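Data block below; observations after.
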Amino acid sequence: MPQHVQGVIAPGRNEPVRVETIVIPDPGPGEAVVKIQACGVCHTDLHYKQGAINDEFPFLLGHEAAGIVESVGEGVTDVTPGDFVVLNWRAVCGTCRACERGRPWYCFATHNAKQKMTLLDGTELSPALGIGAFAEKTLVAAGQCTKVDPTVAPEVAGLLGCGVMAGIGAAINTGNVGRGDTVAVIGCGGVGDAAIVGSRLAGAAKIIAVDIDDRKLDKAREMGATHTVNSRSSDAVEAIRELTGGFGADVVIEAVGRPETYEQAFYARDLAGTVVLVGVPSPEMKLELPLLDVFGRGGALKSSWYGDCLPSRDFPMLIDLHQQGRIDLAAFVTETIGLGDVEKAFARMHEGDVLRSVVVL
Numbered sequence: 001m002p003q004h005v006q007g008v009i010a011p012g013r014n015e016p017v018r019v020e021t022i023v024i025p026d027p028g029p030g031e032a033v034v035k036i037q038a039c040g041v042c043h044t045d046l047h048y049k050q051g052a053i054n055d056e057f058p059f060l061l062g063h064e065a066a067g068i069v070e071s072v073g074e075g076v077t078d079v080t081p082g083d084f085v086v087l088n089w090r091a092v093c094g095t096c097r098a099c100e101r102g103r104p105w106y107c108f109a110t111h112n113a114k115q116k117m118t119l120l121d122g123t124e125l126s127p128a129l130g131i132g133a134f135a136e137k138t139l140v141a142a143g144q145c146t147k148v149d150p151t152v153a154p155e156v157a158g159l160l161g162c163g164v165m166a167g168i169g170a171a172i173n174t175g176n177v178g179r180g181d182t183v184a185v186i187g188c189g190g191v192g193d194a195a196i197v198g199s200r201l202a203g204a205a206k207i208i209a210v211d212i213d214d215r216k217l218d219k220a221r222e223m224g225a226t227h228t229v230n231s232r233s234s235d236a237v238e239a240i241r242e243l244t245g246g247f248g249a250d251v252v253i254e255a256v257g258r259p260e261t262y263e264q265a266f267y268a269r270d271l272a273g274t275v276v277l278v279g280v281p282s283p284e285m286k287l288e289l290p291l292l293d294v295f296g297r298g299g300a301l302k303s304s305w306y307g308d309c310l311p312s313r314d315f316p317m318l319i320d321l322h323q324q325g326r327i328d329l330a331a332f333v334t335e336t337i338g339l340g341d342v343e344k345a346f347a348r349m350h351e352g353d354v355l356r357s358v359v360v361l
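Shown next, in the form of C-alpha cells:
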C-alpha cells in the first residue's frame, strides 16, 4: 500500500526548496523502499535546484544517504528488510559491454527504480541521481543499496554515497596515486578534501591543496595536505612546480569543474603525469588547449565517474578503514540539520561555511 512521507522538493529553477508530502509506492520487481536515517547536502543537489543538470522539475532532492531497507520487491535477493545500507547512484547492470569485460565501475547501463514517486496530486517527481533521499523514505532500485557495517553512524556512512567516495576514488581508483607520489588537489570542498584523504591513504609523499579560501585550506591541512596554495594571491601552476622541484605533480586532481581550473591542472602536472577531472562542469562550459601541448606533455587526462568506484567493493572497505581509525569520515560532517533546514544549508554551502551539512531523520 502506498505510503505518505515528508520530503524536500525543488519546485522550479532557482525557487526555494520546500517540504512536501511524497507518495511512495510499494516496491515493484527489483526495487526497494528504504527508510532514510541521514543524507548529506551535496553541491549536486544545488545544481538540480538551479536547473544546471536538467529541467525535469519538480525534483525530489538528496542522494548522499544511508538507511534501513524497509521492504523489497519481487526477485530481490541481495538485500532484505532490516539491512543497513548506503545508497549509490550507479547500480550496475551486470550485462553491458563494460560489465561483461570485468569493468563494472564503468557500467554503461546503470539503473534506477522504474516506478515514480509523486506528490499528493499525482505530479511525478524526478529523484536526484535516481535516489531522492531528502525524505523519510525513498524508492530505489535494489542494486542501489549497498550493505555496510550497521554499527557505523548513519550521518558518516551516507557520505560515501557521493562526495567522499568521488574524491577518494578519484585519487585511488582513477588517479592511481601511489607511494611516494606528489599530488595536487585543486578545489578543497568535500570532494577535494576526500581526494586529499585518498591520496594520503595511498601513500603520497606530498599533497598540495589549492583553493581561493584560506578557511578551506586550513581544513585541507587537517585532512592531510602537506602544503597549501591560495590561488587568489599566487599563481597555482608556478606554486605547484616550485613545490615539486620545478617539475609539476605526478597527479593533479581537479575538483572544481571549471575550464580555468582544469587548465591549471593540465599545466601543473609533471611530464607523463595524470590529470583527473572529478569536479562537475555545467553544460555550457568549453575548454581550449593547444593540441601540441596535449601531445607533447604525454601522460593521461582522465574523467572520474563517481571515483570509478564499485560500491559493493568500496563502500564496505572504506567503512572498515573508518572503523579502524585509518580514515576519519566524521571529519567531513560540519553540522547535522533537519529536513526544513536544507535551503539554509544551500546558503551556507554557497558562502563556504561548511564541508558537509547532513540531514538527520
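Under UniProt numbering, residue 361 is the last one in the sequence shown; the count climbs by one each step, no gaps.
Cβ atoms here follow ideal geometry from the backbone N, Cα and C, with glycine treated the same way.
Quick caveat, the model's predicted, so the values are computed rather than measured.
If you draw a straight line from the C-alpha of residue i to the C-alpha of residue j, how long is it?
i	j	result
E351	S231	18 angstroms
G40	R356	6 angstroms
G28	G82	18 angstroms
G178	V354	30 angstroms
V34	A135	10 angstroms
A265	G187	11 angstroms
G248	D218	22 angstroms
V69	G273	43 angstroms
R297	E288	16 angstroms
V76	G175	35 angstroms
residue 362	T336	With the chain represented from 1 up to 361, any question about residue 362 goes unanswered, as that position is not in the structure.
G189	H4	35 angstroms
A171	F346	27 angstroms
M223	V72	38 angstroms
I319	A194	14 angstroms
L87	T226	32 angstroms
C162	G180	27 angstroms
P290	M165	32 angstroms
residue 373	V191	Residue 373 is absent from the structure shown; the chain starts at 1 and stops at 361.
D235	G279	20 angstroms
K116	H322	35 angstroms
V183	V275	10 angstroms
With a 10 Å radius around its C-beta and 16 neighbouring C-beta atoms as the bar for buried, classify residue i as buried or exposed.
i	result
G158	buried
D1	The residue asked about is misnamed: residue 1 is Met in this sequence, not Asp. So M1 counts as exposed.
L271	exposed
V252	buried
L292	exposed
T151	exposed
A38	buried
S199	buried
E260	exposed
K216	buried
D211	buried
A109	exposed
R241	buried
R269	buried
G130	buried
R90	buried
K344	exposed
Tell me whether residue i sits in a helix, a strand or coil according to DSSP, three-state version.
i	result
G167	helix
T228	strand
A128	helix
F134	coil
D78	coil
S303	strand
K49	helix
H4	strand
E284	coil
C39	strand
F247	coil
G296	helix
H111	strand
L355	coil
C99	helix
K219	helix
S312	helix
A195	helix
I327	coil
residue 362	Because residue 362 is not part of the residues shown, which for the chain are 1 to 361, the question remains open.
K344	helix
V156	helix
Assuming residue i contacts residue j (C-beta within less than 8 angstroms), just tell me the rounded distance between them.
i	j	result
G51	G169	Actually they are not in contact, since the Cβ atoms of G51 and G169 sit about 27 angstroms apart, beyond 8 angstroms.
I53	A133	Not confirmed; about 16 angstroms, so no contact.
A239	V229	4 angstroms
K147	F84	7 angstroms
L60	P127	5 angstroms
G30	A142	6 angstroms
A255	G167	7 angstroms
K206	L243	7 angstroms
L46	M285	Contact doesn't hold; Cβ gap of about 17 angstroms is too wide.
L339	V358	Not quite, the Cβ-Cβ distance comes to about 12 angstroms (not below 8 angstroms), so this is no contact.
C309	N173	6 angstroms
Can at least three beta-carbon pairs, one atom from the stretch 101 to 121 and one from the stretch 17 to 32, be found at a separation below 8 angstroms?
Segments in contact, yes.
Any contact between the stretch 298 to 309 and the stretch 323 to 336? By contact I mean 3 or more CB pairs, one from each, below 8 angstroms.
no
Counting pairs of beta carbons, one from the stretch 2 to 11 and one from the stretch 104 to 115, are three or more of them closer than 8 angstroms?
Counting C-beta pairs closer than 8 angstroms gives fewer than three between the stretch 2 to 11 and the stretch 104 to 115, which falls short of the contact rule.
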